[in-house]
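Scroll down for the structure; my scribbles are underneath it.
Residue numbers (the numbering used here): 4 to 175.
The following block contains the structure:
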């Protein structure tokens with residue numbers, strides 16, 4: 004979780020590293036220039052940033068961000084006093100979508116995944132495709148087949164769009 008003030012002061016806590024110093028933003032000089040901050044500072048509602056790959060000492064981590072401007076209720080007209088950014092591992096969403104079972108047997112008959120309204124993959128059974136942008140020329144069925152899932156199966160695509168956060172939820 005990160006709290007970023009308009010003057011650049013920042014407070015960060017990373018539960019994976021149990022540190023305020025060793026965190027996903029360690030190579031970022033000014034969090035006010037990040038997309039999660041920029042998306043939230045001018046808005047009046049929760050902002051969801053597409054999943055992004057971050058290089059960590061132990062490998063790659065895939066995070067999406069929920070960010071929200073916060074206000075001093077006594078001085079609301081003065082604008083936000085900070086932006087709170089909650090960075091969440093994509094694997095949390097993938098586990099919710101597809102279960103955390105190690106067997107993988109359910110992935111032989113169907114998969115569930117999430118894309119944003121710009122067709123960026125937010126969560127997918129294989130994290131390799133997380134953050135990938137699906138070209139407008141390709142269908143969801145094309146994408147699933149290209150990723151190697153559900154080969155030689157008759158496919159049906161069910162989807163739901165959540166207009167509040169701009170996510171498409173797919174079941175194939």
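Idealized CB from N, CA, C, for every residue including glycine. This one's a predicted model, so the numbers in the text were calculated from it and none came from an experiment.
query	result
Where residue 172 falls: helix, strand or coil (DSSP)	strand
Option nearest residue 102 by Cα separation, candidates 120, 73 and 114	114
Status (buried if at least 16 other CB within 10 Å, exposed otherwise) for residue 16	exposed
Host alpha helix (DSSP H) of residue 69 (start-end)	Unbroken run through residue 69 is the beta strand (DSSP E), 62 to 73; no alpha helix (DSSP H).
Sequence-distant residues of the same chain with beta carbon closer than 7 Å to residue 42, five excluded per side	50, 52 and 70
Bridge partner(s) assigned by DSSP for residue 5	15 and 88
Residue from 5, 10 and 153 with nearest C-alpha to residue 26	5
Presumed contact (8 Å Cβ cut-off) between residue 40 and residue 7, rounded CB distance	5 Å
Cβ separation of residue 124 and residue 135, assumed to be a contact under 8 Å, to the nearest whole Å	5 Å
Integer-rounded CB distance, given that residue 120 should sit under 8 Å from residue 169	4 Å
Residue 34 versus 60, 68 and 59, residue with shortest Cα-Cα distance	68
Nearest-angstrom beta carbon gap, residue 117 and residue 96 [assumed within contact, 8 Å]	6 Å
Endpoints, the beta strand (DSSP E) within which residue 53 is located	50 to 59
Coil, strand or helix - residue 159 by DSSP	coil
Residue nearest to residue 160 in terms of C-alpha spacing, selected from 11, 13 and 173	173
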